[in-house]
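Be aware that the sequence shown starts at 1, since it is given in UniProt numbering, and climbs by one per residue.
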Amino acid sequence: MTAPHPTSLDAAAVPSPRAFKDLFRHHPAGVAIVTLVGPDGAPVGFTATSVISVSASPAVLAFSITGVSSSWPALREAHSAVVSFLAHDQADLSVRFATPGIDRFTDTPLEWLPTGEPRLAQVTSWARVEIAERIPAGSSFLVTADVTHVHEETPHAQVEQPRLVYVDRTYHRTGGHSQVG
């Protein structure tokens with residue numbers, strides 16, 4: 001067996017933002033909406049395709065947000081939030097909460113948790129979280145959060161209600177049709 005040929009890398013070269021974005025363009029991501037209460041008591045929310053599971057015990061998740069997001073000032077001060085995991089037929093919600101400069105909550109039914117956080121009433125899979133850390137990362141922040149409550153409308157929601165996925169700047173859905181093997 002011969003040793004693999006090393007790849008030539010220019011140590012001084014840094015990928016352009018465009019090259020980096022293009023790399024992730026083909027990497028599928030689940031779609032979620034993070035909602036919280038702003039400093040003025042009004043609901044704040046944004047679409048997040050960066051939500052990841054960090055730990056099951058204790059339950060911890062994370063997501064990123066750019067420092068120039070209109071939601072960042074509220075998130076910087078928030079102690080808790082709700083992360084709603086979108087179903088395949090909720091792309092309109094994702095688009096609305098990703099659009100800057102609009103009232104994202106117009107015609108969006110909300111329910112308020114007893115702990116004070118707003119949640120999207122039509123989303124059946126969600127988690128209440130308490131913000132643990134806000135870690136600077138480039139022009140963004142990685143937010144880690146302790147999960148305090150999980151809600152799934154049905155025990156097999158991922159089968160009965162396929163999830164919304166974003167890849168190649170387009171929405172897709174998960175389900176049996178996309179199963180490999």
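Note that beta-carbon positions come from the ideal geometry of N, C-alpha and C, so glycine has one too.
This structure is a prediction, so every number in the text was calculated from the model and none was measured.
Sequence-distant residues of the same chain with beta carbon closer than 7 Å to residue i, five excluded per side
i    : result
P39  : A74 and E77
R134 : R76, F141 and V143
Proximal residues to residue i (C-beta, below 8 Å), its chain only, five neighbours per side dropped
i    : result
Q158 : For Q158, the pLDDT reaches just 46, beneath the cut-off of 50, and the residue's location in the model is therefore unreliable, although a value from the coordinates is still provided. Excluding residues within five positions, the ones whose Cβ falls inside 8 Å are T174.
Residue from the options with nearest C-alpha to residue i
i    : options                  : result
S140 : L23, F24, S50 and A81    : S50
A121 : E130, G138, E111 and H79 : E111
S80  : R128, G138 and T47       : R128
V37  : W72, T66, F20 and S16    : W72
E152 : V123, I131 and H177      : V123
L93  : I131, G181, I33 and D146 : I33
T66  : A91, S55, A145 and A137  : A137
6 Å Cβ shell around residue i - same chain, five flanking residues per side excluded
i           : result
F105        : P43
P162        : H88, R173, T174 and G175
A29         : T49 and Y166
residue 209 : Residue 209 falls outside the range modelled here, since the chain spans only 1 to 181, and no answer is possible.
First and last residue of the uninterrupted beta strand (DSSP E) at residue i
i    : result
A132 : S125 to A137
message: Assess contact between the region 98-105 and the region 57-67, defined as three or more Cβ pairs (one per stretch) separated by less than 8 Å. Is contact present?
response: no
Any contact of the region 161-170 with the region 18-36, i.e. 3+ C-beta pairs under 8 Å? yes
Requested in this report: Please specify which runs of the beta strand (DSSP E), each continuous and at least 3 residues long, are wholly inside the UniProt domain "Flavin reductase like" (24-173), giving them in chain order.
Outcome: 32-37, 43-48, 52-56, 59-66, 80-85, 110-112, 118-120, 125-137, 140-152, 164-167 and 170-173
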